[in-house]
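Engineer: Here's a structure for you.
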Amino acid sequence: MSFNIDEIRAQFPVLDQQIFGKPLSFLDSAASAQRPVAVLDAIDYYYRNDHANVHRGVHQLSQRATIAYEAGREAVRDFLGAPSTKEIVFTRGTTEAINLVAYAWGVPNLKAGDEILLSGMEHHSNIVPWQFVAAQTGAKIRVIPMDDRGVLDMEAYAELLNERTKLVGVVHVSNALGTINPVKQMTQMAHKVGAVVLIDGAQAVPHCAVDVLDMDCDFYMFSGHKVYAPTGIGALYGKKALLEAMPPWQGGGEMIRSVTFESTVVAPPPTRFEAGTPNIAGGVGLAAALGWIQALGMDAVAAHEQQLLDYGTQLLGNFDRIRLIGTAPEKAGVLSFVIDGIHPHDVGTVLDMEGVAVRTGHHCAQPVMERFGIPATTRASLGVYNNRADLDRLAMGLTRVMELLG
Amino acid sequence: MSDLLVLYQEMILDHGRKPRNFGRCDPASHHADGYNPLCGDRFTVTLQVDADVITDIQFEGSGCAISTASASLMTEALKGRAASDVPGLFEAVHGLCTGDAPNTDKLGKLVVFGGVANFPMRVKCATLPWHTLKAALKGEESVSTE
């Protein structure tokens with residue numbers, strides 16, 4: 002499939018609407034993206050034709066549902082370049098995947114004196130679970146600092162790594178700044194001191210090709226809804242040896258091999274971590290979404306979004322009063338900014354009236370806001386369906402913001 | 030007038046840019062911190078009440094134009110007024126902002142916040158200073174509008 006932006010836009014029914022009489026410019030895909038017809042149809046077809054519970058019925062519908070759901074696991078494996086579907090655990094999303102690692106790997110493996118090393122640009126979802134683990138185990142959280150562009154300080158990182166470092170947790174692409182972190186290099190460095198590496202891929206998967214084997218990380222996770230799949234489905238990749246050594250974190254059906262009232266033998270991964278009836282339609286939608294975006298070609302998607310990011314950066318640069326937050330040389334998908342004297346919340350309301358949907362606030366990354374000395378930013382984030390007209394409308398909207406709010 | 034122009038009336042923009050009574054009362058018989066986790070707005074309201082009269086009331090912190098103007102106009106409206114009037118005023122302001130049976134009789138200048146009713150996502154901005162004041166008078170140290 003060649004990359005034709007008008008054809009791509011036509012596949013997203015939600016984009017074809019007016020907001021307060023203005024065409025919708027959806028610039029909030031980093032929070033949650035929209036779904037193409039291919040995904041909507043796959044879910045609809047599944048519920049109309051194939052739905053039953055998975056993995057246990059002998060009847061036709063259960064077989065079809067199981068095949069469709071497991072095709073989702075294979076789609077994730079293929080997308081991430083993982084060796085085996087046994088290394089792919091379905092979760093509700095990135096947050097649940099991190100919590101799974103925190104409880105099933107972190108709690109049994111960490112003790113007082115150990116260090117958990119997180120970057121200063123983590124989303125709350127890669128901070129809070131580790132605080133719980135730290136409180137429970139006595140391990141200590143340390144933080145990799147960043148510079149004024151939002152680039153991690155690799156010298157400081159090298160100094161922070163030591164034999165007490167047991168886990169390094171880094172966001173692949175920052176949701177608040179757009180920074181693409183050098184996760185392969187960081188993984189190599191962490192492995193030299195024997196640390197396990199977790200990469201939060203929530204903002205990376207929609208924008209670039211991911212290869213977990215090349216990266217050599219130990220855990221990688223993402224959310225379906227940011228990559229054009231439904232909400233409530235996501236995945237964790239974990240190296241086989243690690244997953245096999247981890248205890249279950251939730252008990253129930255599906256995750257067992259045999260149960261008596263005296264004892265239970267748990268199933269091997271990935272089912273060990275998938276208690277209860279899963280989000281089957283979510284898996285079906287995720288397979289459709291990953292297939293759809295891979296057909297476009299991740300390199301073509303990345304190139305398109307990079308062009309838009311450059312164009313948007315140039316447009317915002319025309320406003321003296323706008324300061325971009327996050328100016329790393331390697332960026333993806335995000336234009337986060339503040340306007341001198343105007344609060345982001347007011348910016349968001351005025352832009353909404355112009356049909357431009359942006360996110361305003363701390364983007365669940367309060368430590369990032371604190372690092373830059375600001376309470377919040379306005380964030381315009383890109384999806385595969387955005388075009389230059391969306392960014393032109395953003396710029397027009399910002400002119401209106403400054404006219405109205407001074 | 031468009032909804033936006035009703036929301037961002039000149040008086041609101043003026044108080045948003047140049048808030049009145051910005052600071053802390055000293056002495057203060059009551060104080061509380063208010064926080065809106067959705068947008069990060071934070072305000073501290075301090076006031077001195079003598080024999081039911083609010084002799085001084087100040088606020089400090091940071092927030093959007095709506096919340097800052099609301100805090101500023103709230104302090105202007107209340108200085109010299111009876112503390113026992115606050116619950117009634119709170120209800121009237123809340124009703125005005127949510128569009129729920131607004132009783133504008135005793136609101137004075139505060140009626141400028143009527144435009145907020147068209148922007149449900151902004152109601153908490155306008156009411157945060159009032160929630161903070163209510164908490165202060167109840168002797169609670171902090172309030173969060175989640």
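Those protein sequence lines, which keep their order, are chains A and B. Residue numbers for the first sequence follow this note's numbering, so the first one is 2 and each next one is one higher. Residue numbers for the second sequence follow this note's numbering, so the first one is 30 and each next one is one higher. Backbone N, C-alpha and C define an ideal beta-carbon position, used for all residues, glycine too.
Output, in sequence order along the chain, the residues in the region 323–353 of chain A whose CB is closer than 7 Å to any CB in chain B.
Structural biologist: Answer set for the region 323–353 of chain A: His-344, His-346, Asp-347, Thr-350, Val-351.
Engineer: Go ahead and pull the three-state DSSP assignment for Arg-46 (chain B).
Structural biologist: As a working note, residue 46 (chain B) is residue 17 in the second sequence. In the structure shown, Arg-46 (chain B) sits in a helix (DSSP, three-state: H, G or I).
Engineer: Using a Cβ-Cβ cut-off of 7 Å (strictly less than) and excluding sequence neighbours within five positions of Ala-57 (chain B), which residues of its own chain qualify?
Structural biologist: On the second sequence, residue 57 (chain B) is found 28 positions in, with the first residue counted as 1. Within the same chain, Ala-57 (chain B) has close Cβ partners Thr-75, Leu-76, Gln-77.
Engineer: Give the DSSP-derived three-state secondary structure of Val-206 (chain A) in the structure shown.
Structural biologist: Mapped onto the first sequence, residue 206 (chain A) falls at position 205. Val-206 (chain A): coil per DSSP, three-state reduction.
Engineer: Of all the options A:Phe-274, A:Ile-142, A:Gly-298, which has the alpha carbon lying nearest to the alpha carbon of Arg-93 (chain A)?
Structural biologist: On the first sequence, residue 93 (chain A) is found 92 positions in, with the first residue counted as 1. The candidate whose alpha carbon is nearest that of Arg-93 (chain A) is A:Phe-274.
Engineer: Distance check for Asp-347 (chain A) and Thr-232 (chain A), CA to CA, integer angstroms please.
Structural biologist: One-based indexing of the first sequence puts residue 232 (chain A) at position 231. One-based indexing of the first sequence puts residue 347 (chain A) at position 346. C-alpha separation (whole angstroms): 28 Å.
Engineer: Pick helix, strand or coil for Thr-166 (chain A), following the three-state DSSP scheme.
Structural biologist: Within the first sequence, numbered from 1, the residue matching residue 166 (chain A) stands at position 165. Three-state result, Thr-166 (chain A): strand.
Engineer: Check whether the Cβ of Ala-155 (chain B) lies closer than 8 Å to any Cβ atom in chain A.
Structural biologist: Locating residue 155 (chain B) in the second sequence gives position 126, counting from the first residue. Judged by the 8 Å Cβ criterion, Ala-155 (chain B) is not in contact with chain A.
Engineer: Taking 8 Å as the limit between beta carbons, can you name the residues of its chain near Tyr-312 (chain A), skipping five residues before and five after?
Structural biologist: Within the first sequence, residue 312 (chain A) is the residue found at index 311, counting from 1. Taken in chain order, the residues that qualify are Arg-389, Leu-392.
Engineer: Could you tell me which chain B residues have their CB closer than 7 Å to the CB of His-363 (chain A), listed as they occur along the chain?
Structural biologist: Along the first sequence, read from residue 1 onward, the residue named residue 363 (chain A) stands at position 362. What His-363 (chain A) touches in chain B: Gly-69.
Engineer: Could you please give the first and the last residue of the uninterrupted beta strand (DSSP E) stretch that includes Gly-362 (chain A)?
Structural biologist: For this step, residue 362 (chain A) is matched to residue 361 along the first sequence. Where Gly-362 (chain A) is concerned, the enclosing beta strand (DSSP E) stretches over 360–362.
Engineer: Sorted by chain position, which residues of the same chain lie with C-beta nearer than 6 Å to Val-77 (chain A)'s C-beta, five sequence neighbours on each side aside?
Structural biologist: For the purposes of this step, residue 77 (chain A) is taken as residue 76 along the first sequence, with counting starting at 1. Ile-89, Ala-236, listed in sequence order.
Engineer: One question on the structure: do Ala-289 (chain A) and Ala-66 (chain A) come within less than 8 Å of each other, judged by their Cβ atoms?
Structural biologist: The sequence position of residue 289 (chain A) within the first sequence is 288, counting from 1. The sequence position of residue 66 (chain A) within the first sequence is 65, counting from 1. No, the pair does not count as a contact, with Cβ atoms beyond the cut-off.
Engineer: At the 8 Å Cβ level, is Pro-376 (chain A) part of the contact set with chain B, yes or no?
Structural biologist: Your numbering for residue 376 (chain A) matches position 375 in the first sequence. So yes, Pro-376 (chain A) belongs to the interface.
Engineer: Run down chain A in chain order and give the residues with a C-beta less than 7 Å from the C-beta of Tyr-37 (chain B).
Structural biologist: On the second sequence, position 8 is the one that residue 37 (chain B) refers to. Per Cβ cutoff of 7 Å: Leu-405, Leu-406.
Engineer: For a test of the three-state rule: what should DSSP assign to Asp-42 (chain A), helix, strand or coil?
Structural biologist: Within the first sequence, numbered from 1, the residue matching residue 42 (chain A) stands at position 41. Asp-42 (chain A): helix per DSSP, three-state reduction.
Engineer: Comparing the C-beta of Leu-42 (chain B) with each C-beta of chain A, is any distance below 8 Å?
Structural biologist: Here residue 42 (chain B) refers to the residue found at position 13 of the second sequence. It does; some Cβ of chain A falls within 8 Å.
Engineer: Between the alpha carbons of Ala-301 (chain A) and Lys-87 (chain A), how many angstroms are there, rounded?
Structural biologist: Locating residue 301 (chain A) in the first sequence gives position 300, counting from the first residue. Locating residue 87 (chain A) in the first sequence gives position 86, counting from the first residue. In a straight line, the C-alpha of Ala-301 (chain A) is about 30 Å away from that of Lys-87 (chain A).
Engineer: With respect to the beta strand (DSSP E) encompassing Val-90 (chain A), which residues constitute its N-terminal and C-terminal limits?
Structural biologist: As a position in the first sequence, residue 90 (chain A) is number 89, starting the count at 1. Element bounds for Val-90 (chain A): 89–92.
Engineer: For Ser-96 (chain B) and Ile-41 (chain B), what's the separation of their Cα atoms in angstroms?
Structural biologist: Here residue 96 (chain B) refers to the residue found at position 67 of the second sequence. Here residue 41 (chain B) refers to the residue found at position 12 of the second sequence. Each residue's Cα considered, the two are about 9 Å apart.
Engineer: Would you mind telling me which residues of chain A sit closer than 9 Å to Gly-92 (chain B), beta carbon to beta carbon, in chain order?
Structural biologist: By 1-based counting over the second sequence, the position of residue 92 (chain B) is 63. Near Gly-92 (chain B) (Cβ distances below 9 Å), the residues of chain A are His-344, His-346, Pro-376.
Engineer: Who does Ala-61 (chain B) pair with in a DSSP beta bridge?
Structural biologist: As a working note, residue 61 (chain B) is residue 32 in the second sequence. DSSP output for Ala-61 (chain B) lists B:Val-74 as bridge partner(s).
Engineer: Measuring alpha carbon to alpha carbon, tell me which of A:Gly-225, A:Ala-203, A:Val-184, A:Ala-34 ends up nearest Leu-214 (chain A).
Structural biologist: Walking along the first sequence from the start, residue 214 (chain A) turns up at place 213. Nearest option by C-alpha distance: A:Val-184.
Engineer: Just how far apart, CA to CA, sit Gly-334 (chain A) and Ala-61 (chain B)?
Structural biologist: As a first step, residue 334 (chain A) is located in the first sequence; it is residue number 333 there, counting from the start. As a first step, residue 61 (chain B) is located in the second sequence; it is residue number 32 there, counting from the start. If I take the Cα positions, the gap works out to 40 Å.
Engineer: Could you tell me whether the Cβ of Arg-53 (chain B) comes closer than 8 Å to any Cβ of chain A?
Structural biologist: Position 24 of the second sequence holds residue 53 (chain B). Chain A, which has no Cβ nearer than 8 Å to the Cβ of Arg-53 (chain B), makes this no.
Engineer: So what does Ala-381 (chain A) bridge to, in DSSP terms?
Structural biologist: For the purposes of this step, residue 381 (chain A) is taken as the residue at position 380 of the first sequence. Ala-381 (chain A) pairs with A:Leu-336.
Engineer: According to DSSP, simplified to helix, strand and coil, what is Lys-167 (chain B)?
Structural biologist: Stepping through the second sequence from its first residue, residue 167 (chain B) is reached at position 138. Here Lys-167 (chain B) sits in helix by DSSP.
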